[in-house]
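In the working numbering, the protein residues as written are 20 to 174.
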């Protein structure tokens, strides 16, 4: 189901004029560690690791490798969609992820959206509002929403 990872970093983001250099070094270290499994790209203050179409994508192996790369604050498995995906497909996948969170006992959530394709018909805020409303409506009474004290982030 997952086809990528989102990598977040902390201190690198505050390095000022050297920030790009530090981001490049971190992305290079990620490439060296997992390059044969996936492609590595810097996007919007994060690093994206996407499955190579012709390679086997072993999530456990990649998770183990990412844990030991200095500079990574956190990482999460992700589902990447192409730019012309139907809204219903996004809703469907969000429920699958919500069910996984329920099975892990995580019931306080938030939705964070950032469009990499700015021509998508909904704004990031509209995506976040509509997805959180959809999950709440379809998993009635199970979840609570909190923007600050959450244990599950649908990003």
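Backbone N, C-alpha and C fix where the C-beta goes; we use that ideal spot for every residue, glycine too.
- Taking the C-beta atoms as reference points, residue 25 is found no nearer than 8 Å to residue 120.
- With fewer than three CB-CB distances shorter than 8 Å, the region 159 to 173 does not count as touching the region 99 to 112.
- The residue among 135, 171 and 172 with its C-alpha nearest the C-alpha of residue 64 is 135.
- Where residue 78 is concerned, there is no enclosing beta strand (DSSP E), although the alpha helix (DSSP H) around it starts and stops at 78 to 85.
- Taking C-beta atoms under 8 Å as the contact rule, residue 130 and residue 173 qualify, at a distance of about 5 Å.
- The alpha-carbon of residue 118 is positioned some 16 Å away from that of residue 169.
- In this structure, residue 81 keeps its C-beta atom at 8 Å or more from the C-beta atom of residue 100.
- With respect to the 8 Å criterion, residue 91 and residue 52 are not classified as neighbours on the basis of their beta carbons.
- Per DSSP, residue 53 has no beta-bridge partner at all.
- Exclusion of the five residues before and after residue 58 leaves 69 and 71 as the residues of its chain whose Cβ lies within less than 7 Å of its Cβ.
- If you check the CB distance, residue 113 and residue 153 come in under 8 Å.
- Under the three-state reduction of DSSP output, residue 68 falls in the strand class.
- By the CB criterion at 8 Å, residue 27 and residue 94 fall inside the cutoff.
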